[in-house]
Each structure stands twice: as C-alpha cells, then as structure tokens.
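Protein chains in written order, with this note's numbering: chain W, 80 to 418; chain X, 80 to 418; chain F, 80 to 418; chain Y, 80 to 418. Since the structure comes first, as structure tokens, the remarks are kept for the end.
Protein chains: 4
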Amino acid sequence: MISFKNDYSEGALPAILHALAITNEIQQGGYGEDDYTQEAIELIREKLNSPHAAIHLVSGGTQANLTFISSVLRPYESVIAVTTGHIFHHETGAIEATGHKIETVFAKDGKLSPSLLASFIDQVEVVHMPLPRLVYISNSTELGTHYLRAELIALYECCQSKGLLLYLDGARLASGMQAGDIRYEDLARYTDAFYIGGTKNGALIGEAIVINNPGLQEYFSYNLKMRGALLAKGRLLGLQFRELFKGDTYLSIGAYMNEMAMKLAAGIREAGYEFLIESKTNQIFPVLPWKVIKKMEEKYGFYVWQRVDEECAAIRLVTSWNTRLEAVEQFVADLKTCS
Amino acid sequence: MISFKNDYSEGALPAILHALAITNEIQQGGYGEDDYTQEAIELIREKLNSPHAAIHLVSGGTQANLTFISSVLRPYESVIAVTTGHIFHHETGAIEATGHKIETVFAKDGKLSPSLLASFIDQVEVVHMPLPRLVYISNSTELGTHYLRAELIALYECCQSKGLLLYLDGARLASGMQAGDIRYEDLARYTDAFYIGGTKNGALIGEAIVINNPGLQEYFSYNLKMRGALLAKGRLLGLQFRELFKGDTYLSIGAYMNEMAMKLAAGIREAGYEFLIESKTNQIFPVLPWKVIKKMEEKYGFYVWQRVDEECAAIRLVTSWNTRLEAVEQFVADLKTCS
Amino acid sequence: MISFKNDYSEGALPAILHALAITNEIQQGGYGEDDYTQEAIELIREKLNSPHAAIHLVSGGTQANLTFISSVLRPYESVIAVTTGHIFHHETGAIEATGHKIETVFAKDGKLSPSLLASFIDQVEVVHMPLPRLVYISNSTELGTHYLRAELIALYECCQSKGLLLYLDGARLASGMQAGDIRYEDLARYTDAFYIGGTKNGALIGEAIVINNPGLQEYFSYNLKMRGALLAKGRLLGLQFRELFKGDTYLSIGAYMNEMAMKLAAGIREAGYEFLIESKTNQIFPVLPWKVIKKMEEKYGFYVWQRVDEECAAIRLVTSWNTRLEAVEQFVADLKTCS
Amino acid sequence: MISFKNDYSEGALPAILHALAITNEIQQGGYGEDDYTQEAIELIREKLNSPHAAIHLVSGGTQANLTFISSVLRPYESVIAVTTGHIFHHETGAIEATGHKIETVFAKDGKLSPSLLASFIDQVEVVHMPLPRLVYISNSTELGTHYLRAELIALYECCQSKGLLLYLDGARLASGMQAGDIRYEDLARYTDAFYIGGTKNGALIGEAIVINNPGLQEYFSYNLKMRGALLAKGRLLGLQFRELFKGDTYLSIGAYMNEMAMKLAAGIREAGYEFLIESKTNQIFPVLPWKVIKKMEEKYGFYVWQRVDEECAAIRLVTSWNTRLEAVEQFVADLKTCS
C-alpha cells in the first residue's frame with residue numbers, strides 16, 4: 080500500500096543519514112554546544128540575512144509552539160489564531176496546558192488577515208478578558224493554502240500597530256514558501272519569531288525556532304530545558320539542519336513535494352473531480368464520491384478530511400520528499416478506473 | 080582533547096545507524112504507530128516479563144520525567160525526592176512548571192530509603208501542605224551510587240504501605256543495573272513506572288517510559304501529545320529501542336561503561352587519590368589537588384564537581400558506550416605524571 | 080443616579096450585618112472550622128435533602144469555578160461550555176490558567192442541550208484533541224435565560240451516558256430557580272457539582288460550592304488552600320450562608336429580583352420596545368434606539384450590551400435584592416418621556 | 080475555653096462593622112471601582128508617602144502571595160525564601176501550582192540576610208537551574224521575629240545589586256513594624272512590593288497588595304481577575320482598609336497585640352520557663368513540659384509548635400486585636416499553678 084497520509088511516513092534524506100554516519104564517533108559538547116548545531120545556525124542566519132537571529136533546534140512542532148509561545152506571554156496574555164490553526168485544533172490543549180487561552184477567528188481559507196484580526200481586537204474587554212499578545216499563523220496552512228509576501232507584511236504591520244507579536248508555524252514552511260513569494264529574508268523581517276519545519280521536510284526529526292525580535296531572545300534556553308526540549312545529544316538536530324541548509328536543499332524539497340502534489344491534482348482534475356479548497360502546496364483536498372474513496376482506500380493510504388454531503392467527501396493527499404512519480408501516476412490511473 | 084564529561088558526547092551504536100539506513104524508505108505510520116516501535120515495545124515487554132506494561136518512547140529524560148510525573152498527580156499532590164535528585168536539582172524547575180512541588184530529603188549517598196521517607200511523611204500536615212503522592216528515585220543515582228534489589232523492594236513496599244507511587248529515573252539504568260543485582264523483572268514488579276535511558280546508553284536520542292501500574296496507563300498518550308513529546312516520526316525512537324533490546328545489547332553497554340569506569344578508578348586509586356563517594360557505575364568522582372585538575376584539564380574534558388577544600392576538589396569522570404581503553408590508560412598515565 | 084448595572088451594587092441583607100455584629104467577639108476556629116460554617120452547611124444539606132453533599136464556601140464566582148473545575152480534571156482533559164459561558168467569555172482565561180482548554184458550542188439562547196453536546200462530541204479526535212470531561216452550564220444563564228427541570232435532567236443523563244461530569248454555575252441561582260421549576264433536590268441529583276451564588280443574591284461576598292458526586296469530594300480542601308480560596312476567617316462566609324439558608328430567604332431574594340425585573344420589562348414593553356431575548360430572570364435586555372439610550376444614561380446606570388443596528392442597541396438591566404419599586408417605576412416613566 | 084491559637088479567631092474591629100452598616104444601601108461600582116476602595120488606597124498612599132504606589136485589595140494572604148508572585152515571574156524564574164517561609168512551608172504548593180520553584184535557604188531565626196542570599200546565588204547554574212528572580216520575606220516572620228530597618232535596607236540593596244526583586248509578606252505587618260523600627264515609608268522604598276495584612280489585624284478579611292516598582296504595576300488587575308481574586312463587591316475590602324488606615328488604627332492594633340504578647344511572655348518567664356526563640360511580636364513560643372502542656376490544653380487553645388525533647392515542647396501563643404488582659408493574666412496564673 081502506498082501512503083499519501085502525510086509527509087512524515089519515510090525516514091530522512093540520504094545526506095542526513097550519511098552525515099550521521101561519518102560524524103558518529105566524534106566527541107561533541109552536549110545540549111546544543113556541538114559544532115554541528117553551530118554550523119547549522121550559521122547557515123540559517125546566512126539564508127535569513129540576519130546575523131543576530133537566535134536559533135534553537137528542538138525535536139517537534141508542538142514542542143516548538145508551546146515552548147516559544149509560553150516563553151513570551153505573561154500569565155494573563157492570550158494567543159490569536161484561526162479556528163483551523165494547529166495549536167487550537169490539533170495539539171491536545173498544549174498551549175492551554177501552559178496556562179494561556181487561544182482566541183480564535185474563523186477564516187474560510189485558514190489564513191488570518193488584518194481585517195479579521197481587527198474585528199476580534201475591537202470587541203476585547205479590559206481586565207475581564209485576557210490581553211491578546213501574540214498572533215499565530217501557519218505557512219503553509221492546515222488547509223494547504225499559503226501566504227503571499229504582501230499578506231505577511233500587511234499582517235505584521237497590523238500586529239505592530241496593535242502591540243501584538245507575530246509568530247509563524249513553519250511545519251510545512253518549504254512547501255508554503257515555494258507555493259508563494261515569501262523569501263527567507265521576509266521571515267526574518269516580518270515575523271517576531273517562526274520555526275522552520277524539519278520533520279515534514281526530509282529530516283528524521285527536528286524544527287528550528289528562529290527568534291528575530293531581540294527582546295524575546297534572552298533566557299529562551301531556560302524555557303527549552305524546563306519544557307523538556309533541550310536534547311542532550313543536540314548534535315542529532317544540528318547535523319540535520321546543517322545538511323538541510325547547505326545550498327538550496329531545504330527549499331528544493333519543498334519544490335519537489337509541491338511538484339508531485341500539483342501533478343496529482345492535475346490528474347485528479349483530469350479525472351473529473353473538484354477540490355475542497357485551492358492548494359498549491361503539498362497538501363491537496365480532492366472531493367470524491369464515497370464509493371470511489373472506499374475503492375481507493377484498498378490500495379492507498381490517506382485521510383478522509385471532511386464530509387461534504389451524502390454523496391461525497393474531501394480526502395487529504397500529502398506528498399513528501401520521497402514521493403515517487405510512479406506512485407502519483409498510479410494513483411491517478413487507478414482513480415480514473417474507479418470513476 | 081578526550082572528553083570524560085558525559086556519556087552523550089558521541090553518536091549512536093553502529094547497529095542503530097545501520098537500522099536507520101536500511102529502513103529509510105519504508106513508509107510507516109506516524110506518532111508511534113510504526114512497526115519498529117511495536118517491535119521495540121514487544122522486546123522490552125519480554126525482557127520485563129510483563130506483557131501488559133504500557134511503553135512509550137520519548138526524546139529525552141526531562142521530558143520523560145515531567146510528562147509522566149505530571150500525568151499521575153492531582154493538582155495538590157507533590158513528589159518526594161532526595162536533594163540531589165535530577166528533577167529537583169538539574170531540570171530548571173520542569174516539574175514545578177507543571178504545577179507540583181518537589182519535597183526533598185537529604186541523603187549523603189543520593190539514595191532514598193524507607194526510613195528517610197518515613198521521617199518526611201511523619202511531619203506532613205493536612206490541607207496546609209501538599210499531599211505527597213509519588214516517590215522519585217534514580218538508578219544509578221546522580222552521585223554514581225546504585226540501588227540493590229533488596230533496597231528497591233523495601234522502598235516499594237514502604238511506598239505501597241503509605242499510598243505512594245514509586246517512579247524510577249533510569250537515565251543511566253544499564254550502568255546502575257550492572258553495578259548491582261536489580262533485574263528487568265524487578266523493575267516491572269517493584270516500581271509503578273520507570274524509564275529506560277537510551278540517550279546515555281548508545282542511542283542517538285530516546286528514553287522508554289514503562290508504566291507498570293495498570294491504573295496509570297490509560298490516556299497517557301494524551302499527556303505525551305500535550306507536552307510536545309509525541310514525535311511524528313516515532314519510527315526514529317522505535318528503531319533505536321528495537322536495536323538496543325535485541326539480545327543483551329542494552330545491558331552489555333552498561334557493563335562496558337562500568338568496566339571502563341572501574342579501570343579508570345583503579346588507575347586513579349593507584350596514582351594515590353581517593354574518591355568523594357564510592358561508585359561502581361560509569362560516573363566516578365576522584366578527589367584531586369586543584370593543581371592537578373588544572374593540568375589534566377589541558378588534555379581532558381571533565382566537570383569539576385565539588386570543592387572539597389583549599390587544596391582539593393572532586394571531579395566527575397564519565398565513561399560511555401564508546402570510551403576507548405586507550406583513552407582510559409592515557410588518562411591514568413597522565414595523572415601519574417602530574418602528581 | 081440609580082444603577083441597574085448589576086446585582087452587586089449594594090451591601091448585604093440587614094440580617095447578615097446583624098449576625099456579624101452579634102457574633103463578632105465569639106472566638107471561632109479558622110479555615111472553615113467555625114460553628115457558623117458548620118451550621119450553614121447543615122442548612123444547605125437539608126434544603127438539598129442530601130446529607131452527604133460536600134459543601135465549601137469561597138469568596139467569589141471565578142474562584143469557585145477555577146478551583147472546582149481544575150480539581151476534577153486530569154491535565155489533558157477539557158471543559159465544554161457555550162460560547163457565552165462565563166468561564167469562556169468573562170473570566171480572563173482563569174480556567175486556561177489552570178492548564179485546561181474550554182471547548183465551545185454556539186447556542187443562541189445561552190443554553191446547552193444534549194443535541195448540541197452530541198454534535199461536539201462526535202467530532203472529537205483521539206489523542207490529538209483534549210479529552211472532554213466536564214460540561215459547564217449556568218443557571219440563570221449569561222443571557223438571562225434559565226433551564227427547566229426537564230432540560231437539566233436530559234442534559235445530566237446525556238452527560239452520564241458519555242462519561243462527562245455536569246457542573247452548574249449558580250452565580251444567579253435563586254433568580255434562575257424562581258424563573259423555572261428546578262428545585263434544590265434537582266441540583267443535588269442532576270449535577271455532579273454546582274455553586275450557590277451569594278454575592279449576587281444579598282451576601283457581602285461568598286459562594287457555596289456543593290459537590291454531589293462522592294468521587295470528587297475527597298481532598299477538595301487542598302485545592303482550596305492551593306488556589307488561595309481558603310479564608311482564615313471562614314466565619315464570615317459561614318455566617319452569611321447561615322442567614323441566607325434560614326427559612327426561604329435565599330429563594331425569596333430571587334423571587335423579589337425577578338418580580339422587579341418583570342415589572343421593569345412590562346413597563347418597557349408598554350413603552351413600545353422589544354427585547355433581544357426573552358428573560359424571566361433578573362437580567363433583561365431591551366432593545367432601544369441609541370438616542371434613547373444616551374438620554375437614559377444621564378439618569379441611570381446600565382451596560383450597553385450589544386449593537387443591534389445603526390438605530391438600536393440592546394442594553395442590560397439588572398435588578399438586585401435591594402432594587403426599589405420606585406426606581407423601577409421612575410425608569411419606566413422616564414423611558415416613556417424619552418420616546 | 081480561651082484561644083491563643085491565632086489572631087483570626089474573632090470578627091472585626093467595631094469601626095469596620097459600623098462602616099459596613101451605614102454604607103450598606105449606597106450603590107457603588109463593582110470590582111474595586113467603588114468610592115471606599117479609592118479612599119482606602121489614598122489613605123494608604125499617604126501613609127507610605129508614595130502617591131504612585133499601585134494598591135489592590137484581595138481577600139487572603141495565600142491569594143495575595145500567589146497572585147503577585149506569579150504576575151512578575153517569567154516561566155523559568157524562581158523565588159528564594161527561607162525554609163520556614165509561609166509560601167514554602169504552609170501554602171499547599173500554591174506558588175508551585177502557578178509553575179514556579181521556590182528555592183530555600185535555612186535561617187535559624189526565620190530571617191533572610193544578604194550573606195545567606197549570596198551563598199545561594201553563588202551556586203546557581205545557568206540554564207539547568209531556574210533563574211532566581213524574586214526574594215520573599217515575611218515581617219513579622221513565621222517564627223515571631225522581625226526585621227530591623229537596617230536589615231531591610233541591606234537586603235533590598237543586595238537584591239538590587241543582583242537583579243532580584245524583593246517582596247515582603249505582611250500578614251502580620253503591624254505587629255512586625257511595632258516590634259522594630261521599620262516605618263511605612265521604608266516599605267515603599269525598600270521593597271518592590273509587599274502586602275499589608277488585614278485578616279490578622281482586625282479586619283473581617285482582606286490584604287492590601289502594594290506594588291512600589293512601577294515596572295510591575297501595569298496589567299496587574301488582569302492577574303487578579305484570572306486568579307479569582309477580584310471581588311465583585313470590592314466595597315467590602317475598601318471599607319475595611321479605609322477604616323484601618325484612618326489615623327493610627329492599623330499600627331495601634333499591632334502595638335496592642337504586641338503589648339498583650341509581651342505581658343504573656345513576662346508572666347511565662349516569671350513562671351520559670353524559657354522560649355524557643357526571642358520574639359517581640361504577637362507570636363511567642365514558650366517551652367513547657369509536656370505535662371504542663373496537657374494541663375493547660377484543658378482551658379486554653381494553642382498549637383504545640385515543636386517537640387524539643389522527651390520532656391518538653393514549644394507551644395505557640397498568639398494575641399489578637401481583641402485579646403483581653405484578663406485572659407492573659409488568667410493564663411499566667413494557671414500556668415504558675417500547673418508548675
């Protein structure tokens with residue numbers, strides 16, 4: 080069975096495994112005090128054109144989110160996100176477990192905008208409601224959509240004007256960037272912090288938290304240790320991000336995943352089906368008859384995302400760094416047969 | 080420079096790297112729903128002779144401690160530990176950050192006993208002090224000492240009689256077990272839960288939380304997700320523990336580290352030095368003149384553990400799965416030259 | 080200026096002040112170990128016909144909610160409430176500050192029903208979303224509506240069948256009970272816990288938490304102390320609830336407030352205005368032209384609750400144990416003049 | 080039976096009850112927006128000679144401590160206190176429940192000094208231990224001792240030099256101030272914040288949190304609401320502190336309690352007994368034979384504080400605003416008879 084369930088079904092880029100092998104016996108410092116982590120940080124800083132960005136490597140996305148978000152909020156402060164935001168919808172209350180409310184606004188395409196933000200802020204009451212402090216967005220979003228550069232800048236400026244911090248969840252950053260026009264430098268300039276997803280972009284595990292805002296950098300390591308996010312063998316994370324940020328590796332994985340997803344989408348459209356939402360990233364949401372879904376499930380792994388009506392449902396298909404063109408073609412061929 | 084700073088300075092057992100390489104392209108389920116994790120769990124259960132133990136793999140020790148401990152306590156309940164206990168001394172308030180007080184008792188050798196426990200319990204007041212609920216011990220301890228089987232059983236029975244849970248931090252479990260007479264089955268019978276340390280025993284990262292007490296097993300996964308401890312690519316953890324628990328691999332690493340540490344200790348003793356505390360595990364604490372320490376620091380990495388007096392301090396030397404006999408011999412030879 | 084802003088603008092029932100005066104020099108135990116608290120508890124138990132109910136007196140409603148709710152939840156468990164629920168909307172993230180997410184469903188009339196509950200439960204995912212555990216309702220609700228006995232029973236039975244606890248916020252319990260047909264015994268039988276509001280029903284301060292479910296009673300006092308809710312001079316709370324639960328005092332205050340509110344509503348309707356929502360309790364929400372609102376604000380205190388359109392807004396008027404008939408008549412007369 | 084158990088066994092100063100009675104029907108704003116609270120705040124500011132102090136009234140001491148302390152700490156920051164400190168010893172883990180570790184140093188007399196503080200700070204490790212941020216002291220202390228002005232200044236300057244905040248728990252502030260030479264202005268200048276105890280100084284309930292440090296004032300009200308400490312009928316607290324801070328009322332209560340305690344102590348000494356620790360405040364700790372204790376317990380209420388040896392134990396006797404001279408004399412007379 081071929082799985083399109085997600086982008087973490089396989090292991091890691093061969094280059095990462097190779098790097099692990101050839102450095103294995105070299106003694107290194109613990110807790111991120113290893114050479115590889117330092118090299119990774121320097122490579123990322125260069126890409127961002129931001130020599131003073133504080134960069135910390137952690138093992139997973141929920142961990143990145145909860146550790147960073149809780150580190151910048153005072154106890155009575157809240158986060159604003161869209162209702163489909165990963166921290167609100169799919170992290171088992173991880174932010175609330177650190178003591179903070181997530182306020183939500185509904186966005187059909189999973190993207191936050193200055194006007195949605197303003198409409199929420201306008202009805203916040205003093206003292207009897209938490210003070211909103213941080214805005215959370217994802218790129219690409221949980222619905223496969225992505226932000227454009229102008230949208231990111233507008234949102235950041237809106238946040239600035241309202242005393243809000245902007246944080247971007249980049250679990251699928253490469254795919255999101257390649258679908259749009261946001262460049263590394265934009266992330267460094269138009270967010271207070273973000274994380275660069277490794278797990279869903281060819282690493283074994285790992286996410287790189289980047290803190291741009293200098294006022295949020297000091298003491299962040301204490302939070303990492305306190306939340307159980309500071310790995311003794313930080314070298315494992317360092318090596319992977321060093322490999323991902325050599326040359327164009329990181330973004331080219333995103334480009335590859337998007338290409339595979341677009342081929343898949345084209346084939347599905349050719350077979351006569353529509354999509355729940357337009358996506359140019361590695362997550363696509365075709366709407367198929369239940370009967371066809373049942374049939375396809377016999378040979379392929381994927382999630383049924385959302386019931387549309389009696390007849391149809393949207394499924395989610397995700398491509399990865401290791402998705403094969405043959406798998407895509409086979410899927411489309413089988414779909415056409417089913418119809 | 081050769082480092083005796085800790086047991087996580089190198090990468091992983093070659094068998095682990097090999098397993099990663101040959102399984103890399105095989106698609107697997109996420110979040111621990113992969114074959115390797117299931118295989119690892121079965122191997123561990125067999126060793127423990129405990130088919131119903133709940134086993135969860137996480138990336139680090141502080142994470143294992145905070146996730147498990149916070150999962151079993153009601154808000155007003157506390158943990159009891161010795162003052163040198165890792166959760167009290169060296170985890171940046173990770174347990175308190177989940178809302179719980181750690182009550183401490185002093186133990187010269189870093190080991191908790193029924194009488195120390197009783198003396199603490201006797202002075203607890205109702206309502207105005209937290210209700211003690213869980214006892215935390217480490218094996219081997221933070222001072223390099225270890226528990227004997229009879230001591231573990233006595234402590235567990237004491238806990239049982241007082242309505243307390245017993246939890247064992249096994250960051251250095253193999254070394255602790257090989258120094259004494261505790262067997263896998265004892266851990267399954269005489270603790271409510273414990274974790275098997277991988278990071279300090281030849282893995283890249285990873286610890287295996289074992290929950291023996293059936294009343295504490297249900298819903299534990301929710302805590303993992305909520306604390307950021309549930310890895311999308313759980314396969315990384317599964318593969319490693321599968322390799323460590325094939326045959327005697329896990330314990331034999333402990334035996335090897337202990338052997339290297341004992342050779343080092345013998346050489347140091349031969350050179351005329353005493354130890355802060357007796358240790359049969361992979362951490363030893365020789366007391367050296369400051370002058371000698373300075374000299375040795377030029378060629379070797381280690382921590383100065385504790386000032387003894389004007390003349391002397393204890394240093395900590397730690398051996399690992401990859402410590403070479405030549406390094407041990409070189410250290411001893413250099414020490415003799417220094418003296 | 081006469082205030083209809085809320086039901087806590089005045090002091091306390093004269094009987095309460097009298098009781099404070101005549102007991103002032105009598106020495107009593109601290110932390111709720113006083114005779115008055117015991118007497119109050121017995122009076123409440125009699126009303127509830129529930130000799131084993133655990134009853135604890137605290138100083139405020141948010142405190143009652145956060146202390147009780149956090150005491151029964153495991154870390155990964157959530158609360159379900161309507162979006163207008165006080166804990167979600169107006170308590171500054173107090174529940175989230177104890178580490179728990181509040182999941183919400185929308186209800187036009189501010190009341191939760193089995194079908195709304197079921198529709199939420201149906202889409203909860205395992206592990207990646209918190210486990211719902213407690214259902215929060217208010218009676219009367221934040222919109223002035225109230226539950227009927229049959230509705231409470233249906234909701235409780237629905238909760239029971241789904242393994243959920245039912246908790247009722249009784250900040251305005253007397254008003255809510257008098258508007259409908261719920262009796263004290265029903266609260267004891269068809270909720271797991273609830274609180275009886277004193278502050279908004281003629282006390283200086285104070286709410287009585289009643290825990291019906293025996294499994295939730297033990298150790299609750301520890302939570303009170305830990306959350307800062309255990310008053311040294313518990314006598315102040317005990318005396319007040321003793322006075323409120325002598326004879327029919329408590330409910331008769333509710334009846335009086337409702338009567339004043341209904342007179343006010345009748346006058347407003349007579350003056351030609353409609354209401355945002357039907358209410359039989361001490362909170363009413365007439366819809367008035369902005370022009371009229373401005374005029375009335377000169378002589379009366381009240382909150383503008385919600386913009387309706389360009390022309391109109393709903394205001395909130397609240398009656399209290401001390402609202403005078405003359406004030407009600409004057410308001411209506413002035414309103415008629417304004418129109 | 081006459082109780083010397085504590086200073087909260089009786090009700091309130093008659094002036095407070097009178098003020099409650101004559102203002103009872105006057106409508107006032109909620110949540111501290113009442114005239115009495117504003118008057119109380121102005122009176123306290125005058126006493127402190129500190130027009131910009133932020134002052135907030137809450138219902139109890141644990142609530143004051145947990146709300147203030149948690150409001151100023153970042154997640155990874157800790158509090159330093161002596162082992163007898165109330166927050167460490169007797170508040171059921173209330174501070175830890177907000178996520179913070181309390182680090183302790185031992186002080187025989189229950190008082191923290193710059194040298195004790197320095198010895199703790201010197202051994203704090205970066206990242207792997209919490210960052211100490213706030214120093215907690217009590218005046219009078221839990222052992223009945225008190226700080227002198229010079230000691231307070233020295234401690235504050237030490238804190239300043241180390242980047243630490245100084246917070247003083249004034250549950251028994253009047254007694255502590257009257258025993259030594261600290262004046263109101265000193266509290267405003269040489270602490271970052273403190274609270275003025277009402278409950279143990281003649282109020283029904285209530286403590287006044289005073290935040291001197293302007294950097295800690297903004298948004299504090301949000302914390303109050305979030306922790307359940309913002310009373311709807313704040314007037315109850317306002318009126319009481321208004322009465323306590325008219326003229327010298329507050330301090331004269333302290334003087335009276337101390338006078339009664341000193342008479343009690345003189346009589347006990349005369350009867351031939353020593354004290355566990357020297358105290359000039361309203362808590363004294365005579366050491367009596369067990370036999371005598373048993374006898375005295377028949378007529379008087381008090382706590383056995385600490386076993387001294389086979390023969391003797393220290394008891395705690397506390398005087399209040401309402402302790403009668405006759406009760407003191409009777410106690411001494413009975414003690415002499417017992418001996």
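Positions of the beta carbon are idealized from the N, C-alpha and C atoms, including for glycine.
TODO: Less than 8 Å between the CB atoms is what I'm expecting for X/Y263 and X/Y235, so what's the real figure, rounded?
DONE: With a Cβ gap of about 15 Å, X/Y263 and X/Y235 do not count as contacting.
Task: Nearest residue (CA-CA) to W/Y87, options W/L96, W/L318, W/S399, W/T102 - done: W/S399
Task: Beta-carbon contacts of Y/Q142 that lie in its chain and below 6 Å, excluding the five residues immediately before and after - done: Its chain contains A308 as the residues whose beta carbon lies nearer than 6 Å to that of Y/Q142, once the 5 sequence neighbours on both sides are disregarded; these appear in chain order.
TODO: Round the Cβ separation of Y/T116 and Y/G317 to the nearest angstrom and send it over; I've been treating them as touching at under 8 Å.
DONE: Confirmed, Cβ separation roughly 3 Å.
Task: Under 7 Å from the C-beta of X/G109: neighbouring residues of chain F - done: Result: empty, since nearest Cβ-Cβ is about 11 Å, beyond 7 Å.
- [ ] Kindly give me the distance between the Cβ atoms of W/E179 and W/V161, rounded to whole angstroms, as I take these residues to be in contact under 8 Å.
- [x] Contrary to the premise, residue 179 of chain W reads as His rather than Glu in this sequence. With a Cβ gap of about 17 Å, W/H179 and W/V161 do not count as contacting.
- [ ] Below 6 Å CB to CB, which residues in the same chain sit around W/F167 once its five sequence neighbours on both sides are set aside?
- [x] A160, I181, T183
Open item on the list: So Y/K180 contacts chain X; which residues on that side make the cut at Cβ distance below 7 Å?
Closed with: G172, E175
Task: Within-8 Å CB hit, X/R124 to chain W - done: no
TODO: Grab me the residues of F/A133's own chain with a C-beta within less than 7 Å of its C-beta, minus the 5 sequence neighbours each way, in chain order.
DONE: I290, Q296, F299
- [ ] Flag W/H135 as yes if its beta-carbon sits less than 8 Å from any beta-carbon of chain Y, otherwise no.
- [x] no
Task: Distance CB(Y/N401)-CB(Y/Y329) smaller than 8 Å - done: By the CB criterion at 8 Å, Y/N401 and Y/Y329 fall outside the cutoff.
Task: Per DSSP, the bridge partner or partners of F/C238 - done: Its beta-bridge partners do not exist; DSSP assigns none.
Open item on the list: Assuming contact is defined by CB atoms lying nearer than 8 Å, are W/R386 and W/F364 in contact in what I supplied?
Closed with: no
Task: Near-chain X residues of the region 301-321 of chain W (beta-carbon distance less than 8 Å), N- to C-terminal order - done: Y301, K304, M305, R306, G307, A308, L309, L310, A311, K312, R314, L315
Task: When X/L96, X/E357, X/R306, X/S331 are compared against F/V206, the one with the closest alpha-carbon - done: X/R306
TODO: Could you tell me whether the region 184-200 of chain Y touches the region 208-222 of chain Y, using the rule of 3 or more Cβ pairs below 8 Å?
DONE: yes
Task: Closer than 8 Å to chain X by CB, F/H207 - done: yes
TODO: Measure the alpha-carbon distance for F/L210 versus X/K304 and round it to whole angstroms.
DONE: 12 Å
Task: Start-to-end residues for the beta strand (DSSP E) that takes in Y/H135 - done: Where Y/H135 is concerned, the enclosing beta strand (DSSP E) stretches over 133-137.
Task: Entirely enclosed beta strand (DSSP E) segments - the region 350-414 of chain F, minimum 3 residues - done: 366-368, 382-386, 391-397
Open item on the list: Could you compute how far the alpha carbon of W/D265 sits from the alpha carbon of W/F273?
Closed with: 11 Å
Task: Residue of X/I148, X/R314, X/A98, X/T163 minimising C-alpha distance to X/G108 - done: For X/G108, the closest of X/I148, X/R314, X/A98, X/T163 by C-alpha to C-alpha distance is X/R314.
TODO: Taking only beta-carbon positions, decide if X/P154 is within less than 8 Å of chain Y.
DONE: yes
Open item on the list: Measuring only the C-alpha atoms, how far is W/D248 from W/I284?
Closed with: 16 Å
Task: Segments assigned beta strand (DSSP E), at least 3 residues, entirely inside the region 160-227 of chain W - done: 181-184, 210-217
TODO: Kindly indicate if chain W contains any beta-carbon less than 8 Å away from that of X/G90.
DONE: yes
Open item on the list: Just to confirm, is the Cβ distance from X/V355 to X/V411 under 8 Å?
Closed with: Reading off the sequence shown, one finds Leu at residue 355 of chain X, where the question assumed Val. No, the pair does not count as a contact, with Cβ atoms beyond the cut-off.
- [ ] Kindly indicate if chain Y contains any beta-carbon less than 8 Å away from that of W/Y298.
- [x] yes
Task: Three-state secondary structure (DSSP) of X/F273 - done: Of the three classes helix, strand and coil, the one that applies to X/F273 here is strand, per DSSP.
Task: Run of the beta strand (DSSP E) containing F/I290, from where it starts to where it stops - done: Start and end: 286-290.
TODO: Name, please, each residue of chain W whose Cβ falls closer than 7 Å to the Cβ of Y/S149.
DONE: P154
TODO: Could you list which residues in chain F have their beta carbon closer than 7 Å to that of W/S157, in chain order?
DONE: G172
Open item on the list: Quick check on F/F147: buried or exposed, where buried means 16 or more other Cβ atoms within 10 Å of its Cβ?
Closed with: buried
TODO: Would you kindly check if the distance between the Cβ of X/L231 and the Cβ of X/I275 is under 8 Å?
DONE: Contact: no.
Open item on the list: Contact defined as beta carbons within less than 8 Å: I believe Y/I392 pairs with Y/L367. What is the distance between those atoms, to the nearest angstrom?
Closed with: One detail in the question is off: residue 392 of chain Y reads as Ala in this sequence, not Ile. Rounded, the Cβ-Cβ distance is 7 Å, consistent with contact.
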